[in-house]
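Participant: Numbered continuously in the UniProt record's numbering, the sequence shown closes out at residue 235.
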Amino acid sequence: MSVSGVKPLRSPAPQLEGRPSYERDFGIGTHEVYADPVVVQREFQRVHDRVDDVKQDLKATRDALDEKISGLETRLTAKIDAQKVYMDDKFEQQEEKFQRRMSQLATNLDTALDVHSEKVAARFEEMDKKIDDLKQMIQQLLAQGGAPPTPLPSASSQVPLPANPPDVVVHAAPAPVAGPSNPPRHHSPSLSSLGTELNGSHHSNRGQLRGLLYSIKRKVSKGLGILSKDDDLDQ
């Protein structure tokens with residue numbers, strides 16, 4: 001419908017020759033088109049070609065994916081092999097270092113044990129020597145009947161007891177005589193002075209014997225102390 005003097009907004013689309021219409025292809029009467037066997041064969045061929053194209057595209061995509069996957073597997077395998085070689089080398093280095101350290105520790109321990117054994121042997125030897133000395137000293141004391149092995153003081157330092165003590169005569173003191181001075185008096189040795197000297201000599205011998213016994217006791221205590229120290233070291 002058109003109005004005079006008014007230009008239409010849009011002209012109808014021209015019909016192209018050979019273009020199928022909606023009613024003929026998709027509407028009523030479509031079955032009439034496929035009633036022709038030539039058309040049906042042509043459609044089947046078109047669909048078959050399309051399927052072949054899709055198959056080729058899928059095959060190309062699959063081949064590309066396979067190639068990418070193969071490349072990834074190759075690179076991953078190379079990385080794994082390189083990491084394995086690195087770890088093996090690192091482990092071998094650590095093992096060699098550990099073996100060297102253990103060997104050095106064993107050598108140091110053997111050296112320390114040897115030194116300690118020598119020290120312990122020397123201490124035992126010294127202790128045995130001291131014990132032998134003590135045994136000899138005790139045997140000497142037993143052989144001498146308990147007398148000390150050290151020499152007694154010389155006869156010149158002791159006052160011998162006379163077989164027959166002299167008679168001591170006590171005179172009465174004379175009366176004092178007036179004069180310039182009294183003459184000096186001469187006294188003979190008395191029994192009291194001789195007893196005092198003999199008593200001092202006896203105490204001197206007892207002191208020497210007591211000192212000897214104290215020295216033996218101290219050496220024995222020292223030897224027992226060495227034994228206890230060696231026992232602690234052995235433990």
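Positions of the beta carbon are idealized from the N, C-alpha and C atoms, including for glycine. Predicted model, so just to flag it, every value in this text is computed and none were measured.
Looking at the structure shown, is D132 part of a helix, part of a strand, or coil, going by DSSP?
Facilitator: helix
Participant: Determine the DSSP secondary structure at V63, reduced to helix, strand or coil.
Facilitator: A small fix is needed here, since residue 63 is Asp in this sequence, not Val. Helix at D63.
Participant: Under the three-state reduction of DSSP, which class applies to Q99: helix, strand or coil?
Facilitator: helix
Participant: What's the gap between the Cα of H116 and the Cα of E126?
Facilitator: 15 Å
Participant: With a threshold of 7 Å on Cβ separation, who are the neighbours of L134 within its own chain once the five nearest residues in sequence on each side are excluded?
Facilitator: I216, K219, V220
Participant: Alpha carbon to alpha carbon, how far is I131 from S157? Give it in angstroms, no decimals.
Facilitator: Its pLDDT being 46, under 50, S157 is placed unreliably by the model, and the measurement read from it follows with that caveat. Distance between the alpha carbons of S157 and I131: 35 Å.
Participant: Tell me the DSSP secondary structure of Q104 in three-state form.
Facilitator: Here DSSP, grouped into helix, strand and coil, assigns Q104 to helix.
Participant: Return the CA-CA distance between Q56 and V47, expressed in angstroms with no decimal places.
Facilitator: 14 Å
Participant: DSSP on P180, reduced to helix/strand/coil?
Facilitator: Bear in mind that a pLDDT of 48 at P180, under 50, signals an unreliable position, so the number given afterwards is only what the model happens to contain. The DSSP-derived three-state label of P180 is coil.
Participant: Measuring straight from C-alpha to C-alpha, what distance separates Y214 and L141?
Facilitator: 14 Å
Participant: Is DSSP giving D36 helix, strand or coil here?
Facilitator: coil
Participant: DSSP state of Q94, grouped into three classes?
Facilitator: helix
Participant: Quick one: is K222 buried, meaning 16 or more other Cβ sit within 10 Å of its Cβ, or exposed?
Facilitator: exposed
Participant: State the Cα-Cα distance for the pair T74 and T111, rounded to the nearest angstrom.
Facilitator: 55 Å
Participant: DSSP three-state label for V220, please.
Facilitator: Note: V220 maps to helix in three-state DSSP.
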